Amino acid sequence: MTDLRRRRAVQQLFVAGAAGVANAAGLALPLFVRDARAADAPLFPYGIASGSPTATSVVLWTRLAPATSGEGGPGPGGGDAVAAAAAGEVPVTWEVAADEAFKSIVARGSDVARAGDAHTLHVEVAGLEPSRWYWYRFAARGQRSASGRTRTAPAPEAAVARLDFAIASCQRWDHGHWAAWRDAAAAGASPQLDLVLFLGDYIYEYASPPNAVRAHTGGAATTLAGYRDRYAQYKTDPLLQAAHAAAPWIVIWDDHEVENDYAGLQGERLQPDFAARRVAAYRAWWEHMPLPHSLRPLSANGGAATIHGRLDWGTLARLQWIDDRQFRDPQLCPRADRGGGSNTVPLRDCPGLVRETARTLLGAAQERWLAEGWSLAHPWNLLAQQTLMARFTREAVSERALPGTDPAAMQGRYWTDGWDGYPWARQRLLSVLAERKVPGAVVLGGDVHANYVADLRVDPDDATAPFVATEFCGTSISSRGSSQSSVDAALRFNPHIHYGRSQERGYMRFALTKDRLEADLRVVAQPNDPASAVVSAARFVVEAGRAGAVRAG
Ligand code: FE
Ligand code: CA
């Protein structure tokens, strides 16, 4: 028994004792049944989470590790192998309190963790009061989970003074540690976060290279068992667990929850069996996120799932989140025998980028849903999506790259997996903002492993056109970025991008009021050190009614 395992066993015995007391007090906790072997196997090694809040409900999540041998819990095969061996259902109770000490229980219930869902739970707690903080925890087999803090959204008509939220993305396990999450979870100088928006790349599907900071367990995830084990490994990180326990999350996926740079049902290497892989990956993603049962992907219909959504934060802001992977057209101009990802092309060699005007990143239905969803009644419209929306050319553009279709006038060099690979889809989206005069449009993104702050015009090269939105594309929690010199070389061709730093790891936090949005770019000093300091690299402000970011520190 390692020191860590011994310490866990002691902790669990302590918790079991507490559960016994609670049971005597009349709570509907399971009977205290355990043996010495079970005491060595924490039942809740993956932590807890909450998310998908509305004004009256929230989803509570956990995953159990019902060990059947002395070496249960996380680790190689710890997910599916153990779950399958358990071959059973584990009754679980949950409770929600109005206070951190769980003295005032406002809701409780029971559920069953099933092997068929990797023993994950998605408890939809309804009937809660708007704009309130709650605490929650689970219990099973005489063990109790950690407790978490969550909240409901304000009522739609409620006047709200302030929203504190964060955006984060791209937590590649084998690229570094996650001190950023400690900072996000902490109640420090800043108010605690009301909401975390996770914008994709929660896991990475790859096998780890030999020089990894900490290695992925197992090879590349391609099957349901493989994805479950990958989530299980990521979920053991105590800093990630702390961030989940601190606030509700709204989650969307990007590519690595399935495979790098996939597009719809096309894999990176054009694998004939990619559809089955996507079904497995979407299923495992749902299992491990605090999402309602209604979002559980079905194996039929290619495992399709509707993950876009919207939420009004009182009268302060409308938040919308979208899916740029499932419904996109394939990237243009791929390399031989490949899907279209990981590819940067000169526009003159890929004229389809500007000629194929109907190509879509969101799919027609979602594009329409978004176009109709902007609010003219809120001072702020936040769009949580996956990647950098600002035009980012790596070669000079002296005239407008769009909408010209003369090859001689086609300028710039673009990464085809991002919005630059779908310039007409981007123009349609931004044109809606301009035509409807959508107030306070702020685009939030991730994916590119760099901090970018940008002002968005319908035509980025028309210096006389007004800005229609402000963009904050947050860097990765841990995934490595490109060289700063390559970013610097490109920034001079993209004057609408104020800030571009690819060597920063971290996340962005925001304070939103009726009058202004304040952005704080939180950066990890030592990405290989879980105890690293996290500091503010820059601050920006957006004033209500005036699109565009202004450096504030
Ligand atoms: Fe990433
Ligand atoms: Ca990505």
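Sequential numbering of the sequence shown, starting at 1, is according to my numbering.
Don't be surprised by glycine CBs; every beta carbon is placed ideally from N, CA and C.
Predicted, not measured: the structure shown is a model, and the values here were computed from it.
Open item on the list: Along the chain, where does the beta strand (DSSP E) containing ARG426 start, and where does it finish?
Closed with: For the purposes of this step, residue 426 is identified with residue 426 of the sequence shown, where counting begins at 1. That residue, ARG426, is in no beta strand (DSSP E); its alpha helix (DSSP H) goes 423-435.
Task: 6 angstroms CB neighbourhood of ARG172 in its chain, flanking five on each side removed - done: Locating residue 172 in the sequence shown gives position 172, counting from the first residue. Answer for ARG172: TYR204, SER478, SER479, listed in chain order.
Open item on the list: With three or more C-beta pairs closer than 8 angstroms as the rule, is the stretch 367-385 touching the stretch 422-439?
Closed with: Contact between the stretch 422-439 and the stretch 367-385 is present: three or more C-beta pairs spanning the two stretches fall below 8 angstroms.
- [ ] Please report how far the alpha carbon of PRO552 lies from the alpha carbon of TYR231, in whole angstroms.
- [x] In the sequence shown, counting from the first residue as 1, residue 552 sits at position 552. In the sequence shown, counting from the first residue as 1, residue 231 sits at position 231. According to the sequence provided, residue 552 is Ala. The question's Pro does not apply to it. Approximately 38 angstroms between the Cα atoms of the pair.
Task: Burial state of GLY109 (16 or more Cβ within 10 Å) - done: For the purposes of this step, residue 109 is taken as residue 109 along the sequence shown, with counting starting at 1. So GLY109 ends up on the exposed side.
Open item on the list: Which of the three DSSP states is assigned to SER52 in this structure?
Closed with: As a first step, residue 52 must be located in the sequence shown, where it is residue number 52. Residue state, collapsed to three classes: coil.
Open item on the list: Suppose contacts are defined by Cβ-Cβ distances below 8 angstroms. Is ARG501 in contact with ARG509 by that definition?
Closed with: Numbered from its first residue, the sequence shown carries residue 501 at position 501. Numbered from its first residue, the sequence shown carries residue 509 at position 509. In this structure, ARG501 keeps its C-beta atom at 8 angstroms or more from the C-beta atom of ARG509.
Task: Any chain D beta carbon closer than 8 angstroms to GLY200 - done: The structure shown contains no chain D; it holds only a single protein chain.
Task: Every unbroken beta strand (DSSP E) inside the stretch 96-183 [3 residues or more] - done: Taken in chain order, the whole beta strand (DSSP E) runs of length 3 or more contained in the stretch 96-183 are 105-114, 120-125, 133-140, 148-151, 163-168.
Open item on the list: Tell me which residues share the same chain as ASP174 and place their Cβ nearer than 7 angstroms to its Cβ, disregarding the 5 neighbours each side in the sequence.
Closed with: The sequence position of residue 174 within the sequence shown is 174, counting from 1. Excluding residues within five positions, the ones whose Cβ falls inside 7 angstroms are SER208, ALA212, VAL213, ARG214, ALA215, HIS216.
Open item on the list: For ALA305, tell me which candidate among ASP324, THR56, SER532, ASP99 has the shortest Cα-Cα distance.
Closed with: Translated into positions along the sequence shown, residue 305 becomes position 305. Comparing alpha-carbon positions, the option among ASP324, THR56, SER532, ASP99 lying closest to ALA305 turns out to be ASP324.
Open item on the list: Taking 7 angstroms as the cut-off, is the beta-carbon of GLY218 closer than that to any non-hydrogen atom of ligand 2?
Closed with: By one-based count along the sequence shown, residue 218 stands at place 218. False, no ligand heavy atom lies under 7 angstroms from that Cβ.
- [ ] Answer with buried or exposed for HIS293, where buried requires no fewer than 16 other C-beta atoms within 10 angstroms of its C-beta.
- [x] Here residue 293 corresponds to residue number 293 of the sequence shown, with the count starting at 1. Exposed.
Open item on the list: Please state whether the Cβ-Cβ distance between SER190 and GLY474 is less than 8 angstroms.
Closed with: Counting from one through the sequence shown, the residue named residue 190 turns up at place 190. Counting from one through the sequence shown, the residue named residue 474 turns up at place 474. In this structure, GLY474 does not lie closer than 8 angstroms to SER190 by Cβ.
TODO: Write down the C-beta distance between ALA544 and ASP515 rounded to the nearest angstrom, noting that I regard them as a contact closer than 8 angstroms.
DONE: Residue numbering aside, residue 544 sits at position 544 when the sequence shown is read from its first letter. Residue numbering aside, residue 515 sits at position 515 when the sequence shown is read from its first letter. Confirmed, about 5 angstroms.
Open item on the list: If we require 4 or more residues per run, which alpha helix (DSSP H) segments fall completely within the stretch 422-503?
Closed with: Segments of the alpha helix (DSSP H) lying fully in the stretch 422-503: 423-435, 484-491.
Open item on the list: Which residue wins for smallest C-alpha separation from GLU518, given the options VAL550, PHE493, ALA525, PRO527?
Closed with: Position 518 of the sequence shown, counted from the first residue, corresponds to residue 518. Ranking the options by Cα distance to GLU518, first place goes to VAL550.
TODO: Indicate, with yes or no, if ligand 2 has a heavy atom lying under 7 angstroms from the CB of ASP273.
DONE: As a first step, residue 273 is located in the sequence shown; it is residue number 273 there, counting from the start. No.
Open item on the list: At 3 residues or longer, what runs of the beta strand (DSSP E) sit wholly inside the stretch 312-339?
Closed with: Scanning the stretch 312-339 from its first residue to its last, the whole beta strand (DSSP E) runs of 3-plus residues come out as 317-321.
Open item on the list: So for VAL345, helix, strand or coil by DSSP?
Closed with: As a first step, residue 345 must be located in the sequence shown, where it is residue number 345. In the three-state scheme derived from DSSP, where H, G and I count as helix and E and B as strand, VAL345 is classed as strand.
TODO: With a 10 Å radius around its C-beta and 16 neighbouring C-beta atoms as the bar for buried, classify VAL21 as buried or exposed.
DONE: Here residue 21 corresponds to residue number 21 of the sequence shown, with the count starting at 1. Confidence at VAL21 is low in this model, with a pLDDT of 31, below 50, so its placement is unreliable and no value can be given for it.
Task: Alpha-carbon to alpha-carbon, LEU362 and ASN260 - done: Here residue 260 is taken as the residue at index 260 of the sequence shown, counted from 1. Here residue 362 is taken as the residue at index 362 of the sequence shown, counted from 1. In this model, ASN260 and LEU362 are separated by some 18 angstroms (Cα to Cα).
Open item on the list: With a threshold of 7 angstroms on Cβ separation, who are the neighbours of GLN366 within its own chain once the five nearest residues in sequence on each side are excluded?
Closed with: As a first step, residue 366 must be located in the sequence shown, where it is residue number 366. The residues HIS308, ILE322, ASP323, PHE327, in chain order, have a CB closer than 7 angstroms to that of GLN366 in the same chain once the five nearest residues on each side in sequence are set aside.
- [ ] Measure the beta-carbon distance from ARG505 to ALA180 and round it to whole angstroms, keeping in mind my assumption that it falls under 8 angstroms.
- [x] Within the sequence shown, the letter at position 505 stands for residue 505. Within the sequence shown, the letter at position 180 stands for residue 180. At roughly 7 angstroms, the Cβ-Cβ gap stays under 8 angstroms, so ARG505 and ALA180 are in contact.
- [ ] With a threshold of 7 angstroms, establish whether the CB of ASP447 neighbours any heavy atom of ligand 1.
- [x] Numbered from its first residue, the sequence shown carries residue 447 at position 447. ASP447 Cβ: within cutoff of ligand 1.
Open item on the list: Between CYS170 and ligand 1, is there a pair consisting of the residue's CB and a ligand heavy atom that are separated by less than 7 angstroms?
Closed with: Residue 170 sits at position 170 when you count from the first residue of the sequence shown. Yes - ligand 1 has a heavy atom lying nearer than 7 angstroms to the Cβ of CYS170.
TODO: Compute the Euclidean distance between the alpha carbons of PRO53 and VAL345, then round it to the nearest angstrom.
DONE: Within the sequence shown, residue 53 is the residue found at index 53, counting from 1. Within the sequence shown, residue 345 is the residue found at index 345, counting from 1. The alpha-carbon atoms of PRO53 and VAL345 are separated by roughly 41 angstroms.
Task: Simplified DSSP assignment, three categories, for GLU367 - done: As a working mapping, residue 367 is identified with position 367 in the sequence shown. It is helical.
Task: heavy atom of ligand 1 below 7 angstroms from ASP201 C-beta - done: Translated into positions along the sequence shown, residue 201 becomes position 201. Within the cutoff, so yes.
Open item on the list: At a threshold of 7 angstroms, does HIS288 count as lining ligand 1 (C-beta to nearest heavy atom)?
Closed with: If you number the sequence shown from 1, residue 288 lands on position 288. The answer is no for HIS288.
Task: Nearest candidate by alpha-carbon position, reference GLY446, set ASP461, SER486, THR387, PHE392 - done: Along the sequence shown, one-based indexing puts residue 446 at 446. Nearest in C-alpha terms to GLY446, of all of ASP461, SER486, THR387, PHE392, is THR387.
- [ ] Starting from the Cα of ALA489, find the closest Cα among SER476, ARG413, THR120 and give me that residue.
- [x] To locate residue 489, count along the sequence shown from 1; it is residue 489. Closest in C-alpha terms to ALA489, from the list SER476, ARG413, THR120, comes ARG413.
Open item on the list: Between which two residues does the beta strand (DSSP E) holding ALA552 run?
Closed with: Taking the first residue of the sequence shown as 1, we reach residue 552 at position 552. Per DSSP, ALA552 belongs to no beta strand (DSSP E) and is neither H nor E.
Open item on the list: Please tell me whether, using a cut-off of 7 angstroms, the distance from the CB of SER502 to the nearest non-hydrogen atom of ligand 1 is below it.
Closed with: Walking along the sequence shown from the start, residue 502 turns up at place 502. SER502: no, Cβ never under 7 angstroms from ligand 1.
TODO: Can you grab the Cα-Cα spacing for the pair ILE48 / VAL397, in whole Å?
DONE: Taking the sequence shown and counting its residues from 1, the one referred to as residue 48 is at position 48. Taking the sequence shown and counting its residues from 1, the one referred to as residue 397 is at position 397. Going by the C-alpha atoms only, they are around 49 angstroms apart.
Task: Alpha carbon of ALA511 to alpha carbon of PRO248, nearest angstrom - done: For the purposes of this step, residue 511 is taken as the residue at position 511 of the sequence shown. For the purposes of this step, residue 248 is taken as the residue at position 248 of the sequence shown. Between ALA511 and PRO248, the C-alpha separation is close to 16 angstroms.
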